[in-house]
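Working notes for the structure below.
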Amino acid sequence: ADPCHDEGGAPRGCVPGLVNAALGREVLASSTCGRPATRACDASDPRRAHPAALLTAAAGGTAGPVCWRSEALVRAPLNVTLTVPLGKAFELVFISLRFCSPPPASVALLKSQDHGRSWAPLGFFSSRCGMDYGRPPLPATGPAGPGPEALCFPAPQAEPDGGGLLAFSVQDGSPPGLDLDSSPVLQDWVTATDIRVVLTRPALLGDPRDSEAVVPYVYSATELQVGGRCKCNGHASQCLLEAQGRLVCDCQHGTEGPDCGRCKPFYCDRPWQRATTRDAHACIACSCNGHARRCRFNMELYRLSGRRSGGVCLNCRHDTAGRHCHYCREGFYRDPGRALSDRRACRACDCHPVGAAGKTCNQTTGQCPCKDGVTGLTCNRCAPGFQQSRSPVAPCVKTP
Amino acid sequence: EVMPTLDMTLFDWTDYEDLKPEV
Numbered sequence: 005a006d007p008c009h010d011e012g013g014a015p016r017g018c019v020p021g022l023v024n025a026a027l028g029r030e031v032l033a034s035s036t037c038g039r040p041a042t043r044a045c046d047a048s049d050p051r052r053a054h055p056a057a058l059l060t061a062a063a064g065g066t067a068g069p070v071c072w073r074s075e076a077l078v079r080a081p082l083n084v085t086l087t088v089p090l091g092k093a094f095e096l097v098f099i100s101l102r103f104c105s106p107p108p109a110s111v112a113l114l115k116s117q118d119h120g121r122s123w124a125p126l127g128f129f130s131s132r133c134g135m136d137y138g139r140p141p142l143p144a145t146g147p148a149g150p151g152p153e154a155l156c157f158p159a160p161q162a163e164p165d166g167g168g169l170l171a172f173s174v175q176d177g178s179p180p181g182l183d184l185d186s187s188p189v190l191q192d193w194v195t196a197t198d199i200r201v202v203l204t205r206p207a208l209l210g211d212p213r214d215s216e217a218v219v220p221y222v223y224s225a226t227e228l229q230v231g232g233r234c235k236c237n238g239h240a241s242q243c244l245l246e247a248q249g250r251l252v253c254d255c256q257h258g259t260e261g262p263d264c265g266r267c268k269p270f271y272c273d274r275p276w277q278r279a280t281t282r283d284a285h286a287c288i289a290c291s292c293n294g295h296a297r298r299c300r301f302n303m304e305l306y307r308l309s310g311r312r313s314g315g316v317c318l319n320c321r322h323d324t325a326g327r328h329c330h331y332c333r334e335g336f337y338r339d340p341g342r343a344l345s346d347r348r349a350c351r352a353c354d355c356h357p358v359g360a361a362g363k364t365c366n367q368t369t370g371q372c373p374c375k376d377g378v379t380g381l382t383c384n385r386c387a388p389g390f391q392q393s394r395s396p397v398a399p400c401v402k403t404p
Numbered sequence: 117e118v119m120p121t122l123d124m125t126l127f128d129w130t131d132y133e134d135l136k137p138e139v
């Protein structure tokens, strides 16, 4: 079964499956233990190393450590950043991170939509939202405004095993009732190319005002999961790895681009649109009767057509012309015995250089304009009652 | 009656050299 087409072959909206977009991805940690080596952590010894790669490694990969660890933090700044480039745009569903040590008292989740050039908050987790992030704690009613916003949730709780779980549903920051299909604001909210986790404040094991009492803190975590769907705007059911190692959508419906975010060059009879569950909004090939390889979109024609067709064929070949290469160019006429799509659908007028008054024939009948007394489709004979003269200006004169 | 096609060799181009088609 083809998720992007129905049984009759008609296009329908389709989306890739839900995956852990972080699985196997590189993680950039601002702090990792083991350089220089300590008794507990040695970056050069696989049995005692705690690299950031463990955050996104497949479960059960090695017999060694399973948790990433930061360096021991004693004084400010106590924040550590974990950045995961996802490789392309994803539509996020959830983010989770399992802590191997007591979970931090404050964590910020950020996203980038431009491969790390700019960042925007997705959510905050803190026992003191106002002090750490300048935000009120989670209001019972959810976002105050009409659109999604980064809210401050309670910090993750310590569990009996000494760890804890940070779990964030991306739609938690969104007002109820917004639908991904119909809300561009929500589509923007869930879209990310990179995820950043900022471990802002540790759960200090001591009184920070008393330097003697402060115990060095180590952030430690594993299983960073970024649940989401490869973003293909409803025009692909899977993403594929290119030869260069880039992840791209397997675009259908006449679309192209890493996110199927534009129409293919010849598929511009109407503007690109994201597919919905009700309408695939497929890009449609221009109608050029097989005589052109390129076309462009004209919004004015599209409006005038009742938003049905706006494609204009470019460089019509085979002596055709017109917006759809649907008639013959000047000096040619339609051969009624051939289909419009036939490479030889247009025949040269072939008007006689002396008998015809011009070189352009009737585009439908092929009749050339004849001088007085001349007849024939190409004006190559004298009409009955006329005979050929010696003058090329009046090639046929009345028979005396 | 089908008239014969125009015979280009019969035309006198003396005064119309500029109109003479290239052969």
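Chains G and Y, in that order, are what the protein sequence lines are. Anchor point for the first sequence: position 138 equals 142 in my numbering, and the numbering is continuous, going up by one each time. Anchor point for the second sequence: position 18 equals 134 in my numbering, and the numbering is continuous, going up by one each time. Here a beta-carbon is modelled for each residue, glycine too, at the ideal position from N, C-alpha and C.
Item: Neighbour-count burial assignment, Lys402 of chain G, 16 or more Cβ in a 10 Å radius; Value: exposed
Item: Cys71 of chain G in three-state terms, based on DSSP; Value: coil
Item: Below-7 Å beta-carbon distance, Thr125 of chain Y vs any chain G residue; Value: no
Item: Three-state class that DSSP yields for Val174 of chain G in the structure shown; Value: helix
Item: Any C-beta of chain Y under 7 Å from that of Pro373 of chain G; Value: no
Item: Status (buried if at least 16 other CB within 10 Å, exposed otherwise) for Pro4 of chain G; Value: Outside the shown range of chain G, which is 5 to 404, sits residue 4 of chain G, and nothing can be said about it.
Item: Where the beta strand (DSSP E) containing Gly315 of chain G begins and where it ends; Value: 315-318
Item: CB-CB length for Phe103 of chain G against Ser224 of chain G, believed under 8 Å; Value: 7 Å
Item: Short Cβ contact (7 Å threshold) for Thr1 of chain G with Ala26 of chain G; Value: No answer is possible for residue 1 of chain G: the residues shown for chain G start at 5 and end at 404.
Item: Near-chain Y residues of the stretch 353-387 of chain G (beta-carbon distance less than 7 Å), N- to C-terminal order; Value: His356, Pro357, Val358, Gly359, Asn384, Arg385, Cys386
Item: Alpha-carbon to alpha-carbon, Leu142 of chain G and Gly28 of chain G; Value: 33 Å
Item: Contact list for Asp134 of chain Y against chain G, beta-carbon separation under 7 Å; Value: By Cβ distance, chain G contributes nothing, its closest Cβ being about 11 Å from Asp134 of chain Y, past 7 Å.
Item: Burial state of Ser241 of chain G (16 or more Cβ within 10 Å); Value: buried
Item: Where Val111 of chain G falls: helix, strand or coil (DSSP); Value: strand
Item: Three-state secondary structure assigned by DSSP to Glu227 of chain G; Value: strand
Item: Cβ separation of Leu82 of chain G and Ala196 of chain G, assumed to be a contact under 8 Å, to the nearest whole Å; Value: About 26 Å; that fails the 8 Å criterion.
Item: is_contact[Thr121 of chain Y, chain G] using C-beta, thresh 7 Å; Value: yes
Item: Beta strand (DSSP E) segment containing Glu153 of chain G, residue limits; Value: It is not in any beta strand (DSSP E) - Glu153 of chain G carries neither H nor E in the DSSP assignment.
Item: Cβ pair count under 8 Å reaching 3, the stretch 234-252 of chain G against the stretch 261-268 of chain G; Value: yes
Item: Three-way DSSP call (helix, strand, coil) for Thr125 of chain Y in this model; Value: helix
Item: Cα-Cα separation, Arg282 of chain G to Gly258 of chain G; Value: 18 Å
Item: Nonlocal neighbours in the same chain, by C-beta distance under 7 Å from Val70 of chain G, ignoring five residues either side; Value: Leu58, Thr226
Item: Unbroken alpha helix (DSSP H) run spanning Arg307 of chain G, endpoints; Value: 303-308
Item: CB contact flag (Ser130 of chain G, Ser110 of chain G, <7 Å); Value: yes
Item: Nonlocal neighbours in the same chain, by C-beta distance under 7 Å from Cys365 of chain G, ignoring five residues either side; Value: Tyr337, Cys353, Cys355, Gln371, Cys372
Item: Those runs of the beta strand (DSSP E) which lie wholly inside the stretch 15-80 of chain G and span at least 3 residues; Value: none
Item: For Pro125 of chain G, the first and last residue of its enclosing beta strand (DSSP E); Value: 124-130
Item: Neighbourhood of Val230 of chain G by C-beta distance below 6 Å, restricted to the same chain and skipping five residues each side; Value: Ala25, Ala26, Ile99, Ile199
Item: Amino acids of chain Y, ordered along the chain, whose beta-carbon sits closer than 7 Å to that of Val397 of chain G; Value: Tyr132
Item: Test: Gln256 of chain G CB closer than 7 Å to a CB of chain Y; Value: no
Item: CB contact below 7 Å: Gln277 of chain G versus chain Y; Value: no
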